[in-house]
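Asks: Sharing a structure with you now.
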Amino acid sequence: MRICWLMLSVANATLATAQELEEVVVSGISDPRLGSLVSADSMRVATVDDVIAVVTSAADLVDTLPGASLTGQGGLFQSFSLRGFSRWRIRTEISGVPVITDRRAGNSLSFLPESFIDSIYADMGPASSLYGSGAMGGVVSVSLVDPEATSVSVGVSSTGQARDMAIKTSLNGNNTFMVDTRTANPATSANGSALNTAYRQSSLYFRHQREHGDLVLGGEVLASDGKDIGKSSAYYPDQRVSVYPHDRHTLINIRATQSDRWFAQAYLHQQDWASWTQRNDDRQTTSRYQSLTYGGLFAGTRHTESASHRLGFELSGRSNIDINETEKRSEQRPMASGLVANGREWVSGVFSERSWYFKTLTAQVGARLDHAEVSHRQDTRSKTELNGQLNLDWKPSEEDHLSFQLGTAYRLPTMSELYFSGETPRGPVRGNPTLDAEQTVGGQLSWQRYTRGRQFELSAYFNEVEHYIERILAPDGLITYQNIDSGNIWGVDGLASFEHREVSQTITWQWQRGTSKTGSALDDLPPPEIGYNAHWTGANFGLGLSFKYRLKRSDSGPGETPLNSAVMAAAQVDWSLGRHWSCELTISNGLDRTYRTSADNDAPLALGRAVRLEITWRE
1 MRICWLMLSV
11 ANATLATAQE
21 LEEVVVSGIS
31 DPRLGSLVSA
41 DSMRVATVDD
51 VIAVVTSAAD
61 LVDTLPGASL
71 TGQGGLFQSF
81 SLRGFSRWRI
91 RTEISGVPVI
101 TDRRAGNSLS
111 FLPESFIDSI
121 YADMGPASSL
131 YGSGAMGGVV
141 SVSLVDPEAT
151 SVSVGVSSTG
161 QARDMAIKTS
171 LNGNNTFMVD
181 TRTANPATSA
191 NGSALNTAYR
201 QSSLYFRHQR
211 EHGDLVLGGE
221 VLASDGKDIG
231 KSSAYYPDQR
241 VSVYPHDRHT
251 LINIRATQSD
261 RWFAQAYLHQ
271 QDWASWTQRN
281 DDRQTTSRYQ
291 SLTYGGLFAG
301 TRHTESASHR
311 LGFELSGRSN
321 IDINETEKRS
331 EQRPMASGLV
341 ANGREWVSGV
351 FSERSWYFKT
361 LTAQVGARLD
371 HAEVSHRQDT
381 RSKTELNGQL
391 NLDWKPSEED
401 HLSFQLGTAY
411 RLPTMSELYF
421 SGETPRGPVR
431 GNPTLDAEQT
441 VGGQLSWQRY
451 TRGRQFELSA
461 YFNEVEHYIE
471 RILAPDGLIT
481 YQNIDSGNIW
491 GVDGLASFEH
501 REVSQTITWQ
511 WQRGTSKTGS
521 ALDDLPPPEI
531 GYNAHWTGAN
541 FGLGLSFKYR
551 LKRSDSGPGE
561 TPLNSAVMAA
571 AQVDWSLGRH
581 WSCELTISNG
591 LDRTYRTSAD
601 NDAPLALGRA
611 VRLEITWRE
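Last residue of the sequence shown: number 619 in our numbering, and the count goes up by one each step with no gaps.
Structure follows, in structure tokens:
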């Protein structure tokens with residue numbers, strides 16, 4: 001089952017390389033006669049080594065993928081979209097553990113430092129329907145680093161005088177330990193505008209894995225403590241200042257795998273964070289959020305010479321969802337209120353997938369019966385839905401691969417969309433308990449061509465969403481949500497890469513459109529982009545260059561502003577200083593251009609030219 005193998009791949013980062021390739025590509029269909037992947041068209045992968053930029057969040061990595069873009073506001077809490085889907089329409093995972101928060105901009109990975117990340121996998125195809133509610137727009141999965149030896153890295157940046165240090169080590173081959181600490185002060189854009197990008201954060205990670213024959217047992221713990229994290233916006237600092245005084249997360253993940261037969265996983269994610277907002281009317285609002293995410297998954301697979309079958313079930317829930325708010329004005333006593341008390345969310349699903357292998361064709365069908373439920377005080381919303389997917393993969397030649405995907409998906413409105421009413425760093429929000437669930441039908445047609453040293457990928461897609469939920473500004477000035485009859489999202493994206501000796505080059509492109517039934521633009525659609533990356537690697541020296549041209553976008557959805565065109569350039573130089581030492585110099589926004597990070601009304605300007613130096617010692 002596709003969901004099983006995605007979670008298995010990102011959780012078991014220490015398995016052999018050949019086994020990883022078969023598991024991490026969610027859309028891949030493994031033919032046991034060939035022992036290789038037949039399809040990998042809807043999965044896009046970004047690694048830290050491939051990115052030529054000063055990376056501060058996981059969103060910076062996602063943004064490098066064709067079809068992805070930044071949305072919302074900037075900083076560590078930066079969110080992203082996949083082919084026009086964003087917020088709670090994207091399932092975000094760390095080692096197979098879903099990360100679910102109640103931030104209005106959508107889930108982010110603010111608590112995960114860049115030094116812990118090995119790769120990010122984004123599944124943008126209709127196959128994500130097998131993940132249940134909350135994945136109708138795709139799945140973003142983070143695979144964590146598995147260090148082979150001890151290393152210590154120290155980095156400094158000109159942007160906000162940022163500093164960071166990371167230690168990674170592997171103990172006895174079965175244990176991995178990593179620690180990261182980083183700080184930054186407020187920075188500025190290219191035109192000198194102040195940006196609220198300060199933060200202090202410390203993170204710890206430990207993983208243990210042991211093999212007993214063909215049985216692999218593993219567990220991992222990730223803990224993060226963030227303080228005074230700034231929330232940048234277009235209204236900073238004159239109209240609104242927003243800070244997260246604390247952002248604490250603890251993630252525990254336990255798993256067991258038996259060869260190519262079955263996989264089991266259980267997890268917990270405890271989160272506790274607070275936001276503080278001061279407005280120009282001397283009003284101060286503090287909100288505190290707490291919740292516990294828990295769940296598990298079990299799936300098994302069976303292979304024959306001509307077919308394979310995967311079957312499993314998944315349980316995921318959130319309990320003790322508490323959101324409290326305190327408002328204070330000068331010379332007045334604080335007023336406290338409970339916005340959400342002991343809220344609860346629950347998703348359970350049974351899924352099945354069947355594949356048939358022919359000479360040049362692979363056919364695959366899958367289905368998931370899903371039940372989702374949201375409870376708050378005396379009100380409960382629930383929905384039971386059966387969704388399915390169809391994949392056809394055809395290889396007319398050794399170099400070419402054509403695939404067609406069709407799938408359905410749904411999303412039950414979240415706790416915040418339904419019930420939260422209060423102040424946020426974005427502004428006052430009022431939930432809408434009458435919202436209907438979203439439902440979508442999506443299709444994708446892809447062509448891939450692989451020749452020696454060259455790769456070409458082109459995908460065209462279309463999605464129709466019924467009861468599309470829009471975030472709007474009500475006449476009374478409050479942010480709220482409403483259903484529209486339907487929304488359509490379509491577009492094309494792809495890449496072309498070339499390798500010759502020490503030089504590799506990649507060209508990427510994306511174009512998306514999205515309109516409601518009345519013809520108005522939808523939110524969170526990325527502007528058209530064309531990107532170019534080049535790497536030259538020598539014996540002890542490497543050079544990377546990156547250029548991206550973002551075309552002008554005149555149309556905008558509710559809560560958005562038209563975007564001007566922008567040119568983004570970056571460069572990176574790395575060299576070896578001997579057996580144990582290496583150095584890396586990175587420049588972001590090298591042309592020092594002024595542009596907005598996204599079309600969101602609240603989106604700040606991008607950071608000005610940033611220079612970062614990192615020195616690493618390896619055992």
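Heads up, the beta-carbon is just placed ideally off N, CA and C, and yes, glycines get one too.
Distance, Cα to Cα, Arg-609 vs Ser-576?
Replies: Distance between the alpha carbons of Arg-609 and Ser-576 is about 25 Å.
Asks: With 16 as the cutoff for other CB atoms within 10 Å, does Ser-259 come out buried or exposed?
Replies: Result: exposed.
Asks: When DSSP labels each residue in this structure, what does Glu-626 get in the three-state scheme?
Replies: Residue 626 falls outside the range modelled here, since the chain spans only 1 to 619, and no answer is possible.
Asks: Would Asn-175 be called buried (16 or more neighbouring beta carbons within 10 Å of its own) or exposed?
Replies: With fewer than 16 other Cβ atoms within 10 Å, it is exposed.
Asks: Where does Gly-388 fall in DSSP's three states?
Replies: Gly-388: strand per DSSP, three-state reduction.
Asks: With a 10 Å radius around its C-beta and 16 neighbouring C-beta atoms as the bar for buried, classify His-580 as buried or exposed.
Replies: Classification for His-580: exposed.
Asks: What runs of the beta strand (DSSP E), each 3 residues or longer, lie entirely inside the segment 236-319?
Replies: Within the segment 236-319, the complete beta strand (DSSP E) runs of at least 3 residues are 240-258, 262-279, 283-303.
Asks: Just the Cα atoms here: how many angstroms apart are Ala-372 and Ser-151?
Replies: Approximately 44 Å between the Cα atoms of the pair.
Asks: The alpha helix (DSSP H) spanning Leu-418 covers which residue range?
Replies: Segment 415-419, the alpha helix (DSSP H) holding Leu-418.
Asks: Helix, strand or coil: how does DSSP classify Pro-428 here?
Replies: In this structure, Pro-428 counts as strand in the three-state DSSP scheme.
Asks: Would you be able to state if there are at least three C-beta pairs under 8 Å between the segment 581-594 and the segment 552-563?
Replies: Because the criterion of three Cβ pairs below 8 Å is not met, the segment 552-563 and the segment 581-594 do not touch.
Asks: Measure the C-alpha to C-alpha separation of Ser-527 and Ser-69 and round it to an integer number of angstroms.
Replies: Sequence check: residue 527 is Pro here, not Ser. Each residue's Cα considered, the two are about 8 Å apart.
Asks: Is Phe-116 helix, strand or coil by DSSP?
Replies: DSSP places Phe-116 in helix when its eight states are reduced to three.
Asks: Excluding sequence positions up to five away, which residues of its chain have a Cβ less than 7 Å from the Cβ of Ala-13?
Replies: Only weak support is given to the placement of Ala-13: the predicted model assigns it a pLDDT of 33, under 50, and the question is left unresolved by the model.
Asks: Following the continuous alpha helix (DSSP H) through Asp-60, name the residue where it begins and the one where it ends.
Replies: Its alpha helix (DSSP H) spans residues 58-62.
Asks: Classify Leu-34: buried if its beta carbon has 16 or more other beta carbons within 10 angstroms, exposed otherwise.
Replies: Note that Leu-34 scores 29 on pLDDT, short of 50, meaning its location in the model is unreliable; the coordinates nonetheless yield the value given after this. Result: exposed.
Asks: Quick test of your reading: Asn-320 and Asn-342, contact by CB under 8 Å. State the CB separation rounded to the nearest angstrom.
Replies: 6 Å between Cβ atoms; contact.
Asks: Using the rule of at least 16 other Cβ atoms within 10 Å of the residue's Cβ for burial, across every protein chain shown, is Thr-47 buried or exposed?
Replies: Exposed, since its Cβ has fewer than 16 Cβ neighbours within 10 Å.
Asks: Could you compute how far the alpha carbon of Ser-497 sits from the alpha carbon of Gln-455?
Replies: So the two alpha carbons sit approximately 5 Å from each other.
Asks: For chain B, is any of its Cβ atoms less than 7 Å away from the one on Thr-440?
Replies: Within the model displayed, chain B is absent; a lone protein chain is all it includes.
Asks: Take Pro-66 and list the residues in its own chain whose beta-carbon comes closer than 7 Å to its own, dropping the five residues that flank it on each side.
Replies: For Pro-66, where only same-chain residues beyond five positions count, the Cβ hits under 7 Å are Arg-44, Asp-493, Gly-494, Leu-495, Thr-508, Trp-509, Gln-510.
Asks: Can you give me the Cβ contacts of Gly-354 inside the same chain, cut-off strictly under 6 Å, excluding the 5 residues immediately before and after it?
Replies: Here residue 354 turns out to be Arg, not Gly, going by the sequence shown. Excluding positions up to five away in sequence, the list reads His-309, Val-365.
Asks: Buried or exposed: Glu-305, going by 16 or more other Cβ atoms within 10 Å of its Cβ?
Replies: It is exposed - the Cβ of Glu-305 has fewer than 16 other Cβ atoms within 10 Å.
Asks: Where Ser-141 and Ser-108 are concerned, what is the direct C-alpha to C-alpha distance, given to the nearest angstrom?
Replies: The alpha-carbon atoms of Ser-141 and Ser-108 are separated by roughly 12 Å.
Asks: Quick check on the DSSP output: the beta strand (DSSP E) that includes Lys-227 runs from which residue to which?
Replies: Residues 215-231.
Asks: Does the beta-carbon distance from Ile-489 to Tyr-481 come in below 7 Å?
Replies: Cβ atoms of Ile-489 and Tyr-481: not closer than 7 Å.
Asks: For the segment 297-304 against the segment 246-265, do three or more pairs of beta-carbon atoms, one drawn from each stretch, fall closer than 8 Å, so that the two count as touching?
Replies: Touching, yes, given that three or more Cβ pairs across the two stretches are closer than 8 Å.
Asks: Tell me whether Leu-543 sits in a helix, a strand or coil according to DSSP, three-state version.
Replies: Three-state result, Leu-543: strand.
Asks: Please identify the residue among Glu-464, Ser-352, Thr-56, Leu-458 whose C-alpha is closest to the C-alpha of Gly-137.
Replies: Residue Glu-464 is the option with its Cα nearest to Gly-137.
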